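S.K.: Per UniProt numbering, the sequence shown starts with residue 1, numbered consecutively. The structure follows.
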Amino acid sequence: MITAASRRERARRPDAHRAGILDGVSRWLAVWGGIWLAGSVGAFLVLDPILASFVAIVGLCLWGVAVLASDWEQHSSFEQRELDRARRRADRRERTKDARARDRARWEAHQQRKADRSSGR
């Protein structure tokens, strides 16, 4: 017998990437967003529009802060960031080594000319 649950399981691929506006937002935040939406609609139906606007705006701000704070701990460590910076600096030094060699040669030639002038040639 085919049920709705079995159809969903067949339709869903385990490796399929879900992309959407709430991608990355946990389920409980989405549920609380729905509760906020229902509460806001209820507030507009029951309360004065100004009070309902206040409830809706405060609720939206709190939900937005919760969404922004949901991935607070998902960041790279200081050591990882420093390692990335060191790699970028090494790549940049490798790319610019010819220009630095030319600059060094010009500097040494300048120092030589300056030493020749000061020695009285």
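Glycine included, each C-beta is placed from N, C-alpha and C at the ideal position. Keep in mind it's a predicted model, so treat the numbers as computed, not measured.
1. Could you tell me whether the region 31-39 touches the region 63-72, where touching means 3 or more Cβ pairs closer than 8 Å?
2. Rounded to the nearest angstrom, how far is the Cβ of L51 from that of W36, given a contact under 8 Å?
3. Would you identify the three-state DSSP class for S119, choosing helix, strand or coil?
4. What is the residue span of the alpha helix (DSSP H) that D48 lies within?
M.R.: So, from the listed chains and residues:
1. yes
2. Not confirmed; about 16 Å, so no contact.
3. helix
4. Premise fails: D48 is in no alpha helix (DSSP H) and is neither H nor E.
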